[in-house]
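Here the structure is laid out as structure tokens; the discussion comes afterwards.
Protein chains in written order, with my numbering: chain X, 13 to 102; chain W, 2 to 235.
See below:
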């Protein structure tokens, strides 16, 4: 019973509604900043998004400053203009 | 009552102590100023950190143009901090020059004080013989480049005394007479030597006083050669 529950939870994670987060990141020397929107694969919370984005941005040489919000697909359109080239890039 | 005497060596010792303390104080001030200078001026990252803080704190700063402006702000800050670094170097160099000047001024000041003390001592001591030149050819003794003509006998006496002084010897009257006349000292009388000394003192002292104190102006008369304001009559 427990194992069935666990499997169903694992399956339910990605299957749940699509999750996005908007964040701010920086690069040092010279200082470069960007605001971006990214899709979150894991749990749909700010803390989880932070951990996940930290890794992803770190690989590209960026430092995550903070995660502003997590939201569903309905929030994408209003943020697309601001994020510009960093819209769903990472 | 305090001791009225001062010794030149004591003045020199305390003077060099003052110099040591003064130079140490100047070096401490210099090092303190340098440390203050290098730690209080903002480093290149201070501007970037500030811009970053503004970016994080304001959630609505998200549009591309705003972010670009923030980046430009950070860059101009960094450029300014480069300028500050060169200023810091210039200030440091000026600081070193200033402290070198301070040290030089202190050394000169102490030297001046020591020289003043020495001058006062010399003035009080009266005539201080810094050179004694005996010229046998001219029968003249030069004291501090003042020439005094002496008789042959007085020349002999002062030559013998000068030689004895160079050997750190003290001569009795009899020994002096013996050396001058070439006889054995035991055959000579004490009084004969004393007479030679008296004649030397008379001849030389007369001329020294004439040179230093009682001037003789040719065809006009005599005059004291001292300043008017140092004379007091009780």
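Idealized CB from N, CA, C, for every residue including glycine.
Worksheet item: Alpha carbon to alpha carbon, how far is residue 57 of chain W from residue 38 of chain X?
Response: 10 Å
Discussion item. At the level of alpha carbons, what is the spacing between residue 44 of chain X and residue 72 of chain W?
Written reply: 6 Å
Practice prompt. List the residues of chain W that residue 42 of chain X touches, going by C-beta distances under 9 Å, in chain order.
Written response: 49, 72, 75, 76 and 79
Worksheet item: When DSSP labels each residue in this structure, what does residue 1 of chain W get in the three-state scheme?
Response: Coverage of chain W is limited to positions 2 through 235, which leaves residue 1 of chain W absent and any answer about it impossible.
Fill in: Test item: CB-CB of residue 104 of chain W and residue 24 of chain W under 8 Å
yes
Worksheet item: Under the three-state reduction of DSSP, which class applies to residue 76 of chain X: helix, strand or coil?
Response: strand
Discussion item. For residue 36 of chain X, count the other beta carbons within 10 Å of its own beta carbon; 16 or more makes it buried, fewer makes it exposed. Which is it?
Written reply: buried
Discussion item. Which of the three DSSP states is assigned to residue 1 of chain W in this structure?
Written reply: As displayed, chain W neither begins before 2 nor continues past 235, which places residue 1 of chain W out of reach and without an answer.
Worksheet item: Could you check where the beta strand (DSSP E) with residue 37 of chain X kicks off and where it finishes?
Response: 31-39
Worksheet item: Near residue 174 of chain W, what residues of its chain come up, given a Cβ to Cβ distance below 6 Å and the 5 sequence neighbours on each side ignored?
Response: 191, 194 and 195
Fill in: Contact list for residue 64 of chain W against chain X, beta-carbon separation under 7 Å
94
Practice prompt. Could you check how far apart the C-beta atoms of residue 85 of chain W and residue 38 of chain W are, in whole angstroms? I think they sit under 8 Å.
Written response: Not a contact, Cβ separation roughly 11 Å.
Discussion item. Counting only Cβ pairs nearer than 9 Å, list the residues of chain W close to residue 69 of chain X.
Written reply: Chain W residues near residue 69 of chain X: none, gap ~15 Å exceeds 9 Å.
Item to complete: With DSSP as the reference, label residue 42 of chain W as helix, strand or coil.
Response: coil
Discussion item. Contact criterion: CB-CB distance below 8 Å. Does residue 57 of chain W meet it with respect to chain X?
Written reply: yes
Discussion item. I want to know whether the region 46-65 of chain X touches the region 20-34 of chain W - three or more CB-CB distances under 8 Å.
Written reply: Look at the beta carbons and you see the region 46-65 of chain X not touching the region 20-34 of chain W: under three pairs across the two are nearer than 8 Å.
Discussion item. Any beta carbon from chain W within less than 8 Å of residue 47 of chain X's own beta carbon?
Written reply: yes
Practice prompt. Look at the alpha carbon of residue 47 of chain W and the alpha carbon of residue 40 of chain X, and state the distance between them as a whole number of angstroms.
Written response: So the two alpha carbons sit approximately 12 Å from each other.
Worksheet item: By how many angstroms is the C-alpha of residue 49 of chain X removed from the C-alpha of residue 31 of chain X?
Response: 11 Å
Discussion item. For residue 51 of chain W, which residues in the same chain have their Cβ closer than 7 Å to its Cβ, ignoring the five residues on either side in sequence?
Written reply: none
Practice prompt. Taking only the alpha-carbon atoms, compute the straight-line gap between residue 114 of chain W and residue 75 of chain W and give it to the nearest angstrom.
Written response: 57 Å
Worksheet item: residue 60 of chain W touches chain X at which residues, Cβ-Cβ below 8 Å?
Response: 80
Worksheet entry | Length-filtered (3 minimum) beta strand (DSSP E) runs lying within the region 180-231 of chain W | 215-218 and 222-225
Discussion item. Looking at chain W, is there any beta carbon in it that lies within less than 8 Å of the beta carbon of residue 62 of chain X?
Written reply: Taking 8 Å as the threshold, the shortest C-beta distance from residue 62 of chain X to chain W does not fall below it.
Worksheet entry | Whole-Å CB distance - residue 130 of chain W paired with residue 144 of chain W, under 8 Å assumed | 6 Å
Discussion item. For residue 26 of chain X, count the other beta carbons within 10 Å of its own beta carbon; 16 or more makes it buried, fewer makes it exposed. Which is it?
Written reply: Confidence in residue 26 of chain X is poor, its pLDDT being 45 and thus under 50, which makes the residue's placement unreliable; the coordinate value appears in the next sentence. Flag for residue 26 of chain X reads exposed.
Practice prompt. Could you tell me whether the Cβ of residue 100 of chain X comes closer than 8 Å to any Cβ of chain W?
Written response: no
Worksheet item: If you count every other CB in all the chains shown that lies within 10 Å of the CB of residue 123 of chain W, and 16 or more means buried, which is it?
Response: exposed
Discussion item. What does DSSP give as the partner residue(s) for residue 134 of chain W in the beta ladder?
Written reply: Within the DSSP bridge table, the entry for residue 134 of chain W names W:143 as partners.
Worksheet item: Since residue 47 of chain X is in the beta strand (DSSP E), which residue starts that stretch and which ends it?
Response: 44-52
Item to complete: Step through the CB atoms of chain X and report whether any lies within less than 8 Å of the CB of residue 24 of chain W.
Response: no
Worksheet item: Does any residue of chain W bring its CB to less than 8 Å from the CB of residue 76 of chain X?
Response: no
Practice prompt. Using alpha carbons as the reference points, say which of W:163, W:228 and W:62 lies closest to residue 134 of chain W.
Written response: With distances taken between Cα atoms, residue 134 of chain W lies closest to W:163.
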